[in-house]
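**Q**
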């Protein structure tokens, strides 16, 4: 046995105390290292994972990063059934899904929500609202009518405005834009519209029989005129795609709506009048209206037989594959 | 002074040795902990960073993740100057930039590369190749010609094929597709074309005066016919957008090219013949040709004045804003 008196020595007690202390420290350290090493492995795996996602998606980020304070864009799209509707909405969804902080409000001219439109909205992964509003038959154009015969999207845009006024009543920060389903948007137009304090305006390509319709600015940057050739006397001779309005103006002017009762070409002017905008307080954007970031493109109407037009008008008689191509339920 | 004989005691030596060992161990452990802690902080910051990028882009990922062994798609786009060219290419670039492992080969019908097209390619963040090939004046259509008067994209597609044969001679894995700049692509068509072993085929919406042009399958899944109404006697009565070919067929058949000397509507048939494809060994895709993932949309030609058509034809006389809208250098 170890002689017991040896424990009475001060140095042995100190020695044992030290050993215990060191062992404890080392155990603790080893434990800590193991813990950290595990955390590191997990973090590294996460980073690899993220890195992998990022490299795949990296060529997708066409816009600069956006933070939480960035105003939301409420992008209102009236849409009606036609041969290219599914194609046009599909294509538009791929543009919009590049845009952060965008809420897509799609309003169908139909008696009920179409599952095919719902699927496109869902697949876009955008925040969205899917509504429908049927244009009265007396206001509805025939297949052969040129597309300017009657105003389009009146009830649909109004539905979207009502939804905004009901659902977003408290919102202080955001921009409302009317974006048709067949137009072409350069992503930079979304950066522009986020700047809108009251109402912003910019040039639009290929519209009104011109290469570009644009506000004309004085040297000090205020809008003094527009270059439109058709109905220049309108208060705002511009296209629906040419402007965005701050959401506060929509909320504080609940009676500003579109109407079938205004002369042709006056939808934009009447609406802007009703939200209290004048030419002189519109904000010229897109580098002082020197850049074109939106085009009023239109998808060509297919040359169809009488029988096919009949099918389209009645929205029935399609085989399964045609129904899939056109986004029709059968 | 410390009595020197005390060092002769075995236990003191052992004690000192132990202390030195423990101190060394603890120093090492502390060092290791500090190191790990730093690494952890950095990794955590990286994760936060990535996480932030991911939440912004999350609604963008419309395709499942793809690994490195996924075959590349060589997407050949012939393009020519017109009012909507810039708009159409911009819009298409936003669709394609959702697709991983896609190499975009854009061939302009022009004497030189257009900076505006180059900018769209660059902004797409896709891997790309930008070429030009001028269609001979005798083969070039006038503004007023219907777009079926002459074959389109012949020299441009051939340039792309030559580039592939020169630059990708050793490539064993990949798919070649001819995708026009104004068509509409559902992202699912890209998943389909990656499956192509020799030549795949699928339905195309809104083409040839029909809602859908499609191969017709027997019950066992082989192609027995096509539903085309126009020139049904063609070996392949299908549109350029309806098929993709494995790159090995392009490389092993260097003489397969497009030509101005084939009858109207025979471009697809002649090319598929030349790469050694027969009806019976085409692979029917898009869920056995029951889904429509591509539409032969066309952007409407603007109604332009004589003076404007003259400007477009000569590609000059534009003001700065018009040049920006149309993608013209002035």
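Protein chains in written order, with the numbering used here: chain H, 1 to 330; chain E, 1001 to 1330.
All C-beta atoms in this analysis are idealised placements derived from N, C-alpha and C, irrespective of residue type, glycine included.
(1) Closer than 9 Å, Cβ to Cβ, to anything on chain H: give me those residues from the region 1189-1210 of chain E, in chain order.
(2) In terms of residues, what are the limits of the beta strand (DSSP E) holding residue 1143 of chain E?
(3) On the three-state DSSP scale, how would you describe residue 1272 of chain E?
(4) Does the beta-carbon of residue 27 of chain H have 16 or more other beta-carbons within 10 angstroms, so that it is buried, or is it exposed?
(5) Between the region 1067-1079 of chain E and the region 188-201 of chain H, are three or more C-beta pairs nearer than 8 Å?
(6) With a 10 Å radius around its C-beta and 16 neighbouring C-beta atoms as the bar for buried, classify residue 29 of chain H as buried or exposed.
(7) For a contact defined as C-beta to C-beta under 8 Å, what are the partners of residue 316 of chain H on chain E?
(8) Name the chain H residues whose beta carbon is nearer than 7 Å to that of residue 1025 of chain E?
(9) Go through its chain and collect everything with a Cβ distance to residue 1062 of chain E's Cβ below 8 Å, but skip five positions before and after it.
(10) Could you tell me whether the region 1077-1090 of chain E touches the region 200-213 of chain H, using the rule of 3 or more Cβ pairs below 8 Å?
(11) Determine the closest residue to residue 1329 of chain E out of E:1091, E:1043, E:1020, E:1110, with distance taken between C-alpha atoms.
(12) Measuring straight from C-alpha to C-alpha, what distance separates residue 1246 of chain E and residue 1103 of chain E?
(13) Across the region 1127-1144 of chain E and the region 1034-1045 of chain E, are there enough close Cβ pairs to call them in contact, namely three or more that are closer than 8 Å?
(14) Would you mind stating whether residue 242 of chain H and residue 201 of chain H have Cβ atoms separated by less than 7 Å?
(15) State the CB to CB distance for the pair residue 1179 of chain E and residue 1270 of chain E, rounded to an integer number of angstroms; the pair is presumed to be in contact (CB under 8 Å).
(16) Counting only Cβ pairs nearer than 8 Å, list the residues of chain H close to residue 1264 of chain E.
(17) Can you confirm whether residue 1177 of chain E, when its beta carbon is compared against all beta carbons of chain H, has any partner nearer than 7 Å?
(18) Please list the terminal residues of the continuous alpha helix (DSSP H) segment that includes residue 104 of chain H.
(19) Just how far apart, CA to CA, sit residue 1106 of chain E and residue 1079 of chain E?
(20) Determine the burial state of residue 1058 of chain E: buried for a count of at least 16 other Cβ atoms within 10 Å of its Cβ, exposed for fewer.
(21) Using a Cβ-Cβ cutoff of 7 Å, what residues of the region 1228-1258 of chain E are near chain H? List them in chain order.
(22) Does the distance from the CB of residue 264 of chain H to the CB of residue 1184 of chain E come in under 7 Å?
(23) Just to confirm my understanding: we take residue 218 of chain H, look at its own chain, exclude 5 residues before and 5 after, and list those with CB closer than 8 Å. What are they?
(24) Is the Cβ of residue 36 of chain H closer than 7 Å to any Cβ of chain E?
(25) Does residue 1320 of chain E come out as helix, strand or coil in the three-state DSSP assignment?
(26) Within the continuous alpha helix (DSSP H) that includes residue 1160 of chain E, where are the two ends?
(27) Are residue 174 of chain H and residue 100 of chain H close, meaning C-beta to C-beta below 7 Å?
(28) At the level of alpha carbons, what is the spacing between residue 234 of chain H and residue 1279 of chain E?
(29) Cβ closer than 8 Å: which chain E residues qualify as neighbours of residue 30 of chain H?
(30) Exposed or buried, which one is residue 13 of chain H when buried takes at least 16 other CB atoms within 10 Å?
(31) Do you know offhand how far residue 130 of chain H's Cα is from residue 171 of chain H's?
(32) Restricting to Cα atoms, I'd like to know which of E:1291, E:1108, E:1145, E:1023 is closest to residue 1155 of chain E.
(33) Mind listing the chain E neighbours of residue 161 of chain H? Cutoff is C-beta to C-beta under 8 Å, in chain order.
(34) Tell me which residues share the same chain as residue 1298 of chain E and place their Cβ nearer than 7 Å to its Cβ, disregarding the 5 neighbours each side in the sequence.
(35) I'd like to know whether the C-beta of residue 81 of chain H is nearer than 7 Å to at least one C-beta of chain E.
(36) Within the same chain, show all residues whose beta-carbon is closer than 6 Å to that of residue 1295 of chain E, passing over the 5 residues directly before and after it, in chain order.
**A** If we stick to the structure as given:
(1) 1203, 1204, 1205, 1206, 1207, 1209, 1210
(2) Unbroken run through residue 1143 of chain E: none, as it is neither H nor E.
(3) helix
(4) exposed
(5) no
(6) buried
(7) None at all; the shortest Cβ gap to chain E is about 13 Å.
(8) 26
(9) The predicted model places residue 1062 of chain E with a pLDDT of 48, which falls under 50 and marks its position as unreliable; any figure quoted below should be read in that light. Closer than 8 Å at the Cβ level, and outside the excluded window around residue 1062 of chain E, lie 1098, 1187.
(10) yes
(11) E:1110
(12) 14 Å
(13) no
(14) yes
(15) That pair is no contact at about 19 Å.
(16) Going along chain H, no residue has its Cβ under 8 Å from residue 1264 of chain E, so there is no contact; the nearest lies around 17 Å.
(17) no
(18) From DSSP, residue 104 of chain H is part of no alpha helix (DSSP H) but of the beta strand (DSSP E) over 102-108.
(19) 7 Å
(20) Low per-residue confidence applies at residue 1058 of chain E: pLDDT is 43, beneath 50, and the placement is therefore not dependable, though the value from the model is reported in the following sentence. By the neighbour-count rule (16 or more Cβ atoms within 10 Å), residue 1058 of chain E is not buried but exposed.
(21) none
(22) no
(23) 224
(24) yes
(25) helix
(26) 1154-1167
(27) no
(28) 59 Å
(29) 1029
(30) exposed
(31) 20 Å
(32) E:1108
(33) What residue 161 of chain H touches in chain E: nothing, since even the nearest Cβ is about 25 Å away.
(34) 1182
(35) no
(36) 1184, 1205, 1206
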